[in-house]
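Peer 1: Protein chains in written order, with the numbering used here: chain H, 19 to 258; chain U, 6 to 904; chain Z, 255 to 373.
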Amino acid sequence: MSRRVRLIVMLIFAPAFAALLGWAVAGLEPFGTTVTAYATTVESVAPREQQISNIVASVVYDIRAFDSLGEEMILFASVSGVVLLLRERRGKRAHSASRSIEATDLVRLTALVWTVLAVAYGVFLAGNGHLSPGGGFQGGVATLAALVLFYLAAGTRRMQRFAPTTAVEALESAGALGFLAIGCGGVIAGSAFLFNWLPAGKFGSLDSAGVVPLISFAVGMEVAAGFALLLSEFAQQLEQ
Amino acid sequence: MTFDDHLPMLVIAAPLMVATVLAALRRQVPRRVVESISIATAAAVLAGSVRIAMLACKRVPVVWLGGWTPRHGMALGIALSAEPIGAVLAAFAATLILAGLLFSWHYFDDVRGLYHSLMLIFLASMVAFCFSGDAFNLFVIFELMSVVAFALTGYKIEESSLEGAFNFGVTNSVAALLMLTGIALLYARTGALNLAQIGRTLAAGPLDGLVIVSLVLVLSALMIKGGIVPFHFWLSDAHAVAPTPVCVQFSGLMIALWLYGAAHIYWLVYAEAVAPIRETLQCILLVMGAITVILGGVMSLFQRHMKRMLAFSSISHMGILLLGFAGLDARSTAASALYIVGHGLVKGGLFLLTGILLHRFGTVDQVALYGAGKELKFTGAWFFAGGLLLAGLSPFGVWFGEARIDEALGGIGLHWPGWIIVAGSALTGAAVLRAGARVFLGIGTVAESEKREPTEKDKRSKPGPSSPNPLMLVAACGLLVLAVVLGVLTRMESLLDAGAEILSRQGLYAAHVLEGTALAPHITGVSFPAGAERGIIAAAAAVLLAAVLLFTRWRALRAIELLQQALNVVHSGKVTDYVAWIVVGATLIGGSFAVFHGKRQDESGHRLSAEPRGDGRRDVHGRFLAPAAAPRAFDQVADHAPLLTDEVHIVFSALQKLAPHVLEDKRNALLRPADEVEGDQTAGDIRPHHQHAEVHGPDVVPPGAPVQRDHDLTTVVVERDDRRLDEEEQEDVAERPSADLERLAQEPSHRRIFFASTRRFAYTPTARSYIHAGITRAMRVAIDMGRGNSMTRAPRSIPPAICFAARSTGTRNGIRNSFFSVIGVATKPGLTTVTRMANDASSIRAASRKACIAALLAEYPELLGRPRSPASEAIPANRPERRSIIAGITASKRCSIPK
Amino acid sequence: MTLPAVLHFLPYGVAIWLAVVGLFGLTRSRNFIHLTLCLTILQASTYLLLLSVGYRTGGQPPIARGATAAPFVDPIVQALTLTDIVVGATVTALLLSMAVQLHNRGVSLDPESEKPFRK
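(1) If we define contact as Cβ-Cβ less than 9 Å, is residue 5/H a contact residue for chain Z?
(2) Report yes if the CB atom of residue 80/H is closer than 9 Å to the CB atom of residue 71/U, and no otherwise.
(3) Closer than 9 Å, Cβ to Cβ, to anything on chain H: give me those residues from the segment 322-337 of chain Z, in chain order.
(4) Where does residue 171/U land, buried or exposed, given buried means 16+ other C-beta within 10 angstroms?
(5) Consider the Cβ of residue 304/Z: report whether some Cβ of chain U lies at a distance smaller than 9 Å.
(6) Closer than 9 Å between beta carbons: that is the criterion. Which residues of the segment 305-320 of chain Z meet it against chain H?
(7) How would you label residue 261/Z, buried or exposed, when you count the other beta carbons within 10 angstroms and need 16 or more for buried?
(8) How long is the line joining the alpha carbons of residue 353/U and residue 395/U, rounded to whole angstroms?
(9) Mind listing the chain H neighbours of residue 190/U? Cutoff is C-beta to C-beta under 7 Å, in chain order.
(10) Taking only beta-carbon positions, decide if residue 265/Z is within less than 9 Å of chain U.
(11) Would you mind giving the Cβ-Cβ distance between residue 344/U and residue 412/U, rounded to the nearest angstrom? I have them listed as a contact below 8 Å.
(12) If you check the beta carbons only, do residue 132/U and residue 104/U fall under 9 Å apart?
(13) Quick check: is the beta carbon of residue 270/Z nearer than 9 Å to any beta carbon in chain H?
(14) Give the C-beta separation of residue 51/U and residue 307/U to the nearest angstrom, bearing in mind that I take them to be a contact with Cβ-Cβ under 8 Å.
(15) With DSSP as the reference, identify every bridge partner of residue 310/U, one or two as the case may be.
(16) Who pairs with residue 172/U in a beta bridge, going by DSSP?
(17) Going along the chain, which residues of its own chain have a beta-carbon closer than 6 Å to the beta-carbon of residue 15/U, five neighbours each way excluded?
(18) How about the segment 227-238 of chain H and the segment 57-74 of chain H: do they share at least three Cβ pairs that are nearer than 8 Å?
(19) I'd like to know whether the C-beta of residue 373/Z is nearer than 9 Å to at least one C-beta of chain H.
(20) Could you give the distance in angstroms between the alpha-carbon of residue 474/U and the alpha-carbon of residue 337/U?
(21) My assumption, with CB atoms under 8 Å, is that residue 256/U sits in contact with residue 244/U. Please give the rounded CB distance.
(22) By the 8 Å beta-carbon criterion, what residues does the segment 273-286 of chain Z contribute toward chain U?
(23) Taking C-beta pairs closer than 7 Å, name the residues in chain H that residue 262/Z reaches, listed in chain order.
(24) Please report the Cβ distance between residue 61/U and residue 500/U, rounded to the nearest whole angstrom; I am assuming they are in contact, meaning their Cβ atoms lie under 8 Å.
(25) Closer than 8 Å by beta-carbon distance: list the chain Z residues that pair up with residue 240/H, in chain order.
(26) What are the boundary residues of the beta strand (DSSP E) that residue 86/U is part of?
(27) Would you list the residues sitting across from residue 326/Z in a DSSP beta bridge?
(28) Residues in the same chain with beta-carbon distance under 8 Å from residue 36/H, minus the five sequence neighbours each way, listed in chain order, please.
(29) Evaluate residue 33/U with the Cβ neighbour count: other Cβ atoms within 10 Å of its Cβ, from every protein chain shown; 16 or more gives buried, anything less gives exposed.
(30) Give the straight-line distance between the Cα atoms of residue 448/U and residue 351/U, rounded to the nearest whole angstrom.
(31) For a test of the three-state rule: what should DSSP assign to residue 142/U, helix, strand or coil?
(32) Going by the CB atoms, is the gap between residue 21/H and residue 282/Z shorter than 9 Å?
(33) Based on the DSSP output, what are the partners of residue 137/U in its beta bridges?
(34) If the cut-off is 7 Å on Cβ atoms, which residues from the segment 153-169 of chain U count as contacting chain H, listed in chain order?
(35) Can you list, in chain order, the residues of its chain with a C-beta nearer than 8 Å to that of residue 482/U? Leave out the 5 residues immediately preceding and following it.
(36) Counting pairs of beta carbons, one from the segment 323-343 of chain Z and one from the segment 269-286 of chain Z, are three or more of them closer than 8 Å?
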């Protein structure tokens with residue numbers, strides 16, 4: 019289709035598609051009134067049985083942990099895919115001179131301070147996910163922010179020295195493997211895969227909620243390492 | 006839990022674990038070790054899935070991950086159910102991955118560990134897809150498979166691979182988002198993510214725009230992934246550029262698996278709910294399937310790049326698969342599953358043979374390879390065999406599936422798809438045979454216009470080995486041999502038949518998954534399909550057509566030139582076009598459903614008895630104007646109030662809200678500890694549960710009326726039949742209302758009035774727990790009911806079941822998609838009467854409430870201080886019944902009631 | 255009750271608008287990076303739809319503090335949205351890496367340009 023034909027087609031069909039979606043949405047209950055029994059059951063079960071505060075974390079890491087496993091593997095596969103796709107850096111437009119980012123001392127100092135804070139915050143988010151809003155995915159991304167800051171302040175080569183690729187890959191695989199191993203722990207404990215085989219502990223304490231903090235930590239590790247790999251791969255594209 | 010119970014999950018977890026380890030250790034471990042480990046893992050998965058398939062002969066295990074078994078019939082966790090068709094397809098997935106990995110042993114000059122870990126993740130995702138029983142989990146697996154596929158498609162990092170992968174990526178991401186929108190709509194309606202449970206809840210609810218559009222979105226998404234016209238454009242781009250072992254997975258199983266997923270979702274979720282529009286759905290699927298078959302076949306004839314040709318033939322065969330699924334019954338589903346296996350084997354083998362050519366010569370362009378394959382005699386022979394198999398030569402692989410599809414469709418009276426199938430197979434078979442003749446025999450002409458077809462330039466710098474590696478040949482020919490002997494595997498066929506039958510019995514399957522009722526596959530013997538002569542005809546037609554294409558100047562025909570130009574313009578390679586086609590396709594499908602749905606709505610209003618219906622019908626079309634329509638609807642219904650009060654009514658939600666300690670405790674046992682409930686009750690608070698009906702107008706109750714919850718209400722309930730849920734009903738007999746109406750309406754001492762809205766009941770945990778116990782009974786009750794106004798007997802303890810019975814009555818009267826307000830009066834213990842109020846959504850909710858109030862007021866005008874009409878009985882103000890009535894109305898307010 | 259009826263469907267309307275804008279942008283795009291971002295808009299519409307379905311008037315964030323019975327907003331859709339966001343980010347990363355490699359090879363990033371397979 020030429021550009022114009024496509025425009026005409028879309029001008030006809032996009033509103034029709036919107037009308038179709040509107041027809042669907044008309045069958046929804048008014049905003050704020052949809053309450054499902056699934057949600058209410060989970061809301062009552064999670065604090066009582068698993069002694070977990072953050073109900074979203076109980077859904078993500080315990081009740082529907084298989085979805086999170088799939089999501090983690092999506093991240094793993096995608097990072098592997100990016101590494102695979104960016105594995106050759108030759109090409110017509112590859113830069114001949116390396117351009118590293120020169121940062122001033124002030125930038126470096128601030129970045130150092132904020133890096134430490136970001137790591138601390140990320141670990142807190144990941145570790146406290148079952149008590150307050152947070153969790154592995156969020157904590158992993160926050161920890162990644164530390165690496166991004168480091169990259170911005172120090173450049174690609176120092177970042178690679180600080181976080182060598184093999185180590186980061188090993189961390190990533192360890193995270194993914196950790197999740198799977200915890201799942202198998204449920205099998206060994208006699209129940210199904212991904213069963214919460216650690217004791218639930220006391221409500222509100224750091225060691226409550228069984229395996230949820232462990233899974234959260236493994237996921238955080240994998241997310242941080244995976245995105246760090248992505249960052250280093252894309253950064254290396256600029257610096258040939 | 007035994008090892009066999011864990012097997013479905015282990016078969017998914019093992020390749021994932023090996024994949025993560027391989028990815029981490031890939032630089033330290035030599036290539037051959039990595040390859041051996043991955044082949045061993047694939048073989049282990051194959052063994053595991055074959056064992057699961059064997060076990061599926063006897064029972065269908067359901068594994069609840071995390072140990073989260075369903076509570077009171079509501080699914081909490083994610084279920085993996087190893088049903089027979091899924092098990093067979095999982096074993097097939099392992100077979101294809103094994104063949105692909107064996108092939109890559111020598112195919113790639115240099116491959117890193119990441120390729121193998123991605124292939125293993127792909128295997129895990131295919132197996133997980135076959136077993137998963139949860140809608141959102143299917144979406145996650147959808148994305149997992151897609152992400153791995155994108156990465157593997159772009160593996161060669163050439164211009165065309167990257168473009169093809171990008172097109173693939175964008176279109177399939179749009180598909181994923183469409184599917185997620187559909188799932189979100191389903192969750193909003195049913196509050197569940199487990200497929201069986203969604204199906205059960207949808208079947209009990211109305212069929213309105215939301216359900217239909219979610220069906221359209223999910224179907225469109227899966228058809229995009231399955232390569233059905235007009236969503237198929239990405240397929241040819243992606244399959245042409247992906248590395249050969251990866252193409253085998255895509256064409257051999259992935260696209261077919263997504264179409265099977267569409268059928269799976271249809272059977273588990275939509276089969277009962279969309280039964281009214283089943284013919285429309287069938288028609289749409291048949292038309293799309295037929296167009297896909299023909300278009301795919303024709304396009305494959307025009308191609309010179311062999312992988313692109315095979316991609317278009319895959320599109321054509323996916324059209325045949327869709328024709329099979331369009332039969333919408335168990336037999337055709339089983340036939341289609343068999344076809345998936347047969348086609349996958351043949352297509353996989355053909356792709357691997359093409360890969361041998363690519364490995365040897367560096368190109369798969371027919372024109373460039375003209376005559377070059379003459380020394381590859383063994384490969385060539387198998388290539389011709391593959392072409393004949395693809396054309397549907399009987400009694401081998403692909404023909405089995407096609408013949409069974411033909412039989413199944415013929416069984417429901419559709420004979421024309423069979424000829425489309427023959428035509429499509431002949432076209433694609435001819436394309437393959439022609440390619441084989443050109444490459445391996447060096448015969449035939451090459452037209453000038455053919456040189457304008459899309460192709461890839463020769464990239465290989467040095468020629469490959471002179472004879473193909475035996476391992477590659479083993480992989481390729483192994484698949485083809487399996488396709489040849491497919492007919493021998495009758496056990497697999499009967500397993501597929503049993504599996505399809507299980508899927509088609511949606512209610513039983515849902516009960517098996519959610520409550521654990523036993524379900525055993527019913528393995529019967531299979532007979533040799535009829536229609537062997539069609540296979541011979543198709544193969545002969547393919548040979549003839551190939552000869553015609555080779556030796557005549559068919560391309561010189563003006564019509565053919567125009568057709569080629571038109572098709573090339575449409576298949577432009579631009580991803581923006583592809584997205585536009587997706588929007589067009591989805592809108593057209595949705596639009597056809599909307600048109601047919603509207604037409605049927607018009608016709609459905611006719612069959613109710615005894616009530617003025619004209620205004621009710623108008624309300625259907627006033628849905629979009631619900632807020633504006635409400636006053637109008639109320640007026641209409643208020644006009645009917647005298648008519649309604651002459652009928653016998655029952656209303657329920659006061660029953661649920663107020664009276665029953667019993668009901669409330671049962672409900673609260675799900676939600677709160679008992680002492681909290683006790684405490685509330687003594688305080689006289691009425692807890693504003695979200696399931697309660699809304700506030701009725703404050704003008705209904707005389708201001709300042711003292712109201713309290715009192716034990717009379719409990720007594721009211723207890724006075725009625727207190728049958729337990731598991732007890733057999735003594736009487737099911739429906740009684741005609743007409744003669745009894747007057748008599749029953751005049752019995753004063755047992756008159757109770759309650760309000761309800763059936764749609765609301767679909768969401769209460771109480772109703773959920775009762776649905777399970779009550780619905781079969783309610784259905785049984787409904788069967789005995791006659792037309793619109795009828796009476797039936799039911800225990801008081803399952804009022805929601807009666808609402809469903811009412812809906813079923815409406816169903817049997819031809820009104821499937823109505824909302825009900827059930828208004829009724831219990832006239833003696835255990836006796837309830839149900840009548841249909843009005844027939845649509847939110848406006849009617851408002852209208853029905855007001856109608857209930859109007860009915861109530863008409864019945865008891867003393868509530869408003871008006872004198873009673875002589876026709877009704879007078880109820881003195883201090884009688885318990887009156888207090889209960891007032892309490893019934895007031896308690897629906899979100900307020901506490903003073904002591 | 256308190257809000258006009260149209261506001262009851264406003265969040266869903268915005269989700270539909272985002273979806274349509276995303277799809278429209280996909281078909282009008284002239285750059286692969288722009289294409290990827292239109293896909294992000296489409297993903298955002300699904301997040302909004304999911305979260306709007308789960309909202310509950312007067313609801314609290316789903317963090318349980320002791321034994322109160324405050325109504326929570328739906329935690330299930332929040333979990334679904336979390337997963338969706340991660341999935342969207344990963345797909346974006348893959349598509350962008352393809353775009354980067356194409357750029358390195360000197361191929362035009364315009365979807366409307368001549369495609370290699372059709373030269």
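Ideal Cβ placement from N, Cα and C applies to all residues, glycine included.
Peer 2: The structure says:
(1) The structure shown has nothing for residue 5/H, since chain H only spans 19 to 258.
(2) yes
(3) 325, 326, 327, 328, 329, 330, 331, 332, 333, 334, 336 and 337
(4) buried
(5) yes
(6) 306, 307, 308, 309, 310, 311, 312, 313, 315, 316, 317, 318, 319 and 320
(7) exposed
(8) 11 Å
(9) Listed along chain H, the residues sitting closer than 7 Å to residue 190/U by beta-carbon distance are 42.
(10) no
(11) Rounded to whole angstroms, the Cβ separation of residue 344/U and residue 412/U is 12 Å, and the two are not in contact under 8 Å.
(12) no
(13) yes
(14) About 37 Å; that fails the 8 Å criterion.
(15) 370/U
(16) Beta-bridge pairing links residue 172/U to no other residue.
(17) For residue 15/U, where only same-chain residues beyond five positions count, there are no Cβ hits under 6 Å.
(18) yes
(19) At residue 373/Z, the pLDDT of 42 sits below 50, so the modelled position is not reliable and the matter cannot be decided from this model.
(20) 40 Å
(21) 6 Å
(22) 273, 277, 280, 281, 282, 283 and 286
(23) For residue 262/Z, the chain H residues whose C-beta falls within less than 7 Å of its own C-beta are 48 and 49, listed in chain order.
(24) 7 Å
(25) In chain order: nothing, as chain Z lies at least about 11 Å away.
(26) 84-86
(27) 314/Z
(28) none
(29) exposed
(30) 24 Å
(31) Helix.
(32) For residue 282/Z and residue 21/H, yes; Cβs fall inside 9 Å.
(33) 85/U
(34) 153, 155, 156, 159, 160 and 162
(35) 354 and 387
(36) no
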